[in-house]
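**Q** Numbering (this note's numbering), first residue to last: 18 to 183. Each residue gets a CB set at the ideal place from its N, CA and C atoms; glycine is no exception.
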Amino acid sequence: MGAALVERDAHGTAKTYLWMHPIYGATALGMEFLHDRLRFLPRPVRALAYTAVIFGAEFTTGWLLRRALGRCPWDYEDKGWSVKGLIRLDYAPFWYVAGLLFEPVREAFLRVTSEALRQTPEYRHAVENGTVAEPHHRAPVSTEQEAGEAADTFLLAEESELQPAH
């Protein structure tokens, strides 16, 4: 975003570090873990918890990289409200918004993934042949439950495709 907006780079050229992929992935898994345990809280409170996870992951991984490599790929030492150069507290509003967006984006990905599974040849063929039954519900179900059922049905469909015909 900085390249596109601040430097006026029309291509939006950016650079990142290979370290960021496992860091982002582990942070998302931490947020997913927290999501399941904090469902009973209002979403704005859950977003605060996600913000804490993001800051915690950024600080911890930055500290570990600094110890292992002698430096952290990001260095906030002379910028904003820095804590040991590893996190910037002035980013809190942005991380909070990211926390608020986490659940709707997660739900959208679950819906897209479920629909993608339903469109696979294995799934459609197994349902058409009656090898597996599509889940039917009388009452509305959560996106997580629907995604899980679509995944389970896909796995059964895939398994039935591998079974030799009698």
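In whole angstroms, what is the alpha-carbon distance linking I40 and T78?
**A** For the purposes of this step, residue 40 is taken as residue 23 along the sequence shown, with counting starting at 1. For the purposes of this step, residue 78 is taken as residue 61 along the sequence shown, with counting starting at 1. I40 and T78: Cα-Cα distance of roughly 7 Å.
**Q** Given a cut-off of 8 Å on the beta-carbon distance, is the pair G116 and T148 in contact?
**A** Your numbering for residue 116 matches position 99 in the sequence shown. Your numbering for residue 148 matches position 131 in the sequence shown. No; because the gap between Cβ atoms is not below 8 Å, this pair is not in contact.
**Q** So W80 is in the alpha helix (DSSP H); what residue range does that whole segment cover?
**A** Taking the first residue of the sequence shown as position 1, residue 80 is located at position 63. Per DSSP, W80 belongs to the alpha helix (DSSP H) from R60 to L86.
**Q** Identify whether R56 lies in helix, strand or coil by the three-state DSSP scheme.
**A** Numbered from 1 along the sequence shown, position 39 holds the residue referred to as residue 56. R56: coil per DSSP, three-state reduction.
**Q** Quick check: is any heavy atom of the ligand MN less than 7 Å from the C-beta of L81?
**A** No copy of the ligand MN occurs in the structure displayed, which carries no ligand at all.
**Q** Less than 8 Å between the C-beta atoms of T130 and A164, yes or no?
**A** In the sequence shown, counting from the first residue as 1, residue 130 sits at position 113. In the sequence shown, counting from the first residue as 1, residue 164 sits at position 147. Yes. Within cutoff.
**Q** Rounded to whole angstroms, what is the Cα-Cα separation between R141 and R135?
**A** Translated into positions along the sequence shown, residue 141 becomes position 124. Translated into positions along the sequence shown, residue 135 becomes position 118. If I take the Cα positions, the gap works out to 7 Å.
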